[in-house]
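Visitor: Dropping a structure here in structure tokens format, bear with me for questions.
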Amino acid sequence: AQTVTQSQPEMSVQEAETVTLSCTYDTSESDYYLFWYKQPPSRQMILVIRQEAYKQQNATENRFSVNFQKAAKSFSLKISDSQLGDAAMYFCAYRSGGSQGNLIFGKGTKLSVKP
Amino acid sequence: DTGVSQDPRHKITKRGQNVTFRCDPISEHNRLYWYRQTLGQGPEFLTYFQNEAQLEKSRLLSDRFSAERPKGSFSTLEIQRTEQGDSAMYLCASSFGQVGTEAFFGQGTRLTVV
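These protein sequence lines map, in sequence, to chains H and L.
One point on numbering: in the working numbering, the residue at position 68 of the first sequence is 68, and numbering is uninterrupted.
One point on numbering: in the working numbering, the residue at position 101 of the second sequence is 216, and numbering is uninterrupted.
Printed below as a string of structure tokens:
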């Protein structure tokens, strides 16, 4: 069975600085997708960034980028120029390419942004 | 389009009572998912619909849980004879098209069993 591990329960970053959230996963599959979702307090989860396993190039979305190391099964999220609005729970998630599409989530990392 | 809508947002019930939650996905989204999220944990998959067909159920979905999606539109999740361990946030998500496309989440229904 696939598993997703986020080893940092909490992280803190100064506004305008850069922070990296870690995620590792375990799978024997070759076709899969990886996601980072953001869950602000009392608000719905929203997609931050997505990576297809077959793509070697790391995904980037504005201030958010990933470091996808397929052999190491590592998928970290880098947030540049951190803003107060980035404060939230961040979940790393895995989706099998051959499944019905359900996501397997890590336990999350709570990110605080200090002004 | 207002996104994925869930009702109610909060539900407090006594142990042993039945509860039903509703999810309205984004229009034309053919895939619908239910997840459960307990404090300090990531969401855990419960069940999946493609259109009106329930195609996958997690082992977490005990016999007391039942989900429906009549006509492939909204979905309901019913919990019978609630237990304190059922207290959690129940999240609904929907997506359209291929497996790798983005899933959009609702704000969830927070269930407290007293």
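By construction, the Cβ of each residue, glycine as well, lies at the ideal position given by its N, Cα and C atoms.
Please compile the residues from chain L whose C-beta is within a distance smaller than 9 Å of the C-beta of Met11 (chain H).
Guide: Within chain L, no residue comes near Met11 (chain H); the closest Cβ sits about 15 Å away, beyond 9 Å.
Visitor: In whole angstroms, what separates the C-alpha of Arg179 (chain L) from that of Phe136 (chain L)?
Guide: Distance between the alpha carbons of Arg179 (chain L) and Phe136 (chain L): 14 Å.
Visitor: Against chain H, with Cβ distances strictly below 8 Å, would Ala182 (chain L) count as a contact?
Guide: Output row for Ala182 (chain L): interface = no.
Visitor: Could you check whether the Cβ of Ala218 (chain L) sits closer than 8 Å to any Cβ belonging to chain H?
Guide: Yes, Ala218 (chain L) lies at the interface with chain H (some Cβ there is under 8 Å from its Cβ).
Visitor: With 8 Å as the threshold, decide whether the Cβ of Gly131 (chain L) is near any Cβ in chain H.
Guide: Chain H, which has no Cβ nearer than 8 Å to the Cβ of Gly131 (chain L), makes this no.
Visitor: How do the stretch 133-148 of chain L and the stretch 80-99 of chain H stand: do at least 3 beta-carbon pairs fall below 8 Å, yes or no?
Guide: With a cut-off of 8 Å, the stretch 80-99 of chain H and the stretch 133-148 of chain L do not count as touching, because too few Cβ pairs lie within range.
Visitor: Counting C-beta neighbours from all protein chains within 10 Å, is the total for Pro158 (chain L) 16 or more, i.e. buried, or is it exposed?
Guide: By the neighbour-count rule (16 or more Cβ atoms within 10 Å), Pro158 (chain L) is buried.
Visitor: Check this for me: beta carbons of Ala182 (chain L) and Leu192 (chain L), under 8 Å apart or not?
Guide: Yes, the pair counts as a contact, with Cβ atoms nearer than the cut-off.
Visitor: Report the rounded CA-to-CA distance for Val119 (chain L) versus Val48 (chain H), giving the unit in angstroms.
Guide: Cα to Cα, Val119 (chain L) sits roughly 17 Å from Val48 (chain H).
Visitor: Can you tell which of H:Gln83, H:Pro41, H:Cys23 and H:Glu61 has its C-alpha closest to the C-alpha of Phe68 (chain H)?
Guide: Of H:Gln83, H:Pro41, H:Cys23 and H:Glu61, the residue nearest in Cα terms is H:Cys23.
Visitor: At a CB-CB cut-off below 9 Å, which residues of chain L make contact with Gly106 (chain H)?
Guide: Correct list: Gly157.
Visitor: Can you name, in chain order, every residue of its own chain whose Cβ lies under 7 Å from the Cβ of Ser76 (chain H), other than the five neighbours on each side?
Guide: Excluding residues within five positions, the ones whose Cβ falls inside 7 Å are Thr20, Leu21, Ser22, Cys23, Val66 and Asn67.
Visitor: Mind pulling the chain A residues with CB within less than 7 Å of Gln2 (chain H)?
Guide: The structure shown contains no chain A; its protein chains are H and L.
Visitor: Please classify Thr109 (chain H) as buried or exposed, where buried requires at least 16 neighbouring CB atoms within 10 angstroms.
Guide: By the neighbour-count rule (16 or more Cβ atoms within 10 Å), Thr109 (chain H) is buried.
Visitor: Here's a check: name, in chain order, each residue in its chain whose Cβ is nearer than 6 Å to the Cβ of Gln56 (chain H), leaving out the five neighbours to either side.
Guide: There are no such residues.
Visitor: Could you tell me whether any Cβ in chain L is nearer than 8 Å to the Cβ of Gly101 (chain H)?
Guide: For Gly101 (chain H), the answer is yes, since a Cβ of chain L falls inside 8 Å of its Cβ.
Visitor: What is the residue span of the beta strand (DSSP E) that Lys55 (chain H) lies within?
Guide: From DSSP, Lys55 (chain H) is part of no beta strand (DSSP E); its letter is neither H nor E.
Visitor: Check distances from the C-beta atoms of the stretch 35-46 of chain H to those of chain L and list, in chain order, the residues that come in under 9 Å.
Guide: Here the close residues are Phe35, Tyr37, Gln39, Ser42, Arg43, Gln44, Met45 and Ile46.
Visitor: Return no unless some Cβ of chain H is closer than 8 Å to the Cβ of Arg174 (chain L).
Guide: Judged by the 8 Å Cβ criterion, Arg174 (chain L) is not in contact with chain H.
Visitor: Going by DSSP, name the residue or residues bridged to Leu206 (chain L).
Guide: DSSP lists L:Tyr150 as partners of Leu206 (chain L).
Visitor: Got a sec: is the Cβ-Cβ distance from Phe68 (chain H) to anything in chain L below 8 Å?
Guide: Chain L, which has no Cβ nearer than 8 Å to the Cβ of Phe68 (chain H), makes this no.
Visitor: State buried or exposed for Lys129 (chain L), treating a residue as buried only when at least 16 other CB atoms are found within 10 Å of its CB.
Guide: With fewer than 16 other Cβ atoms within 10 Å, it is exposed.
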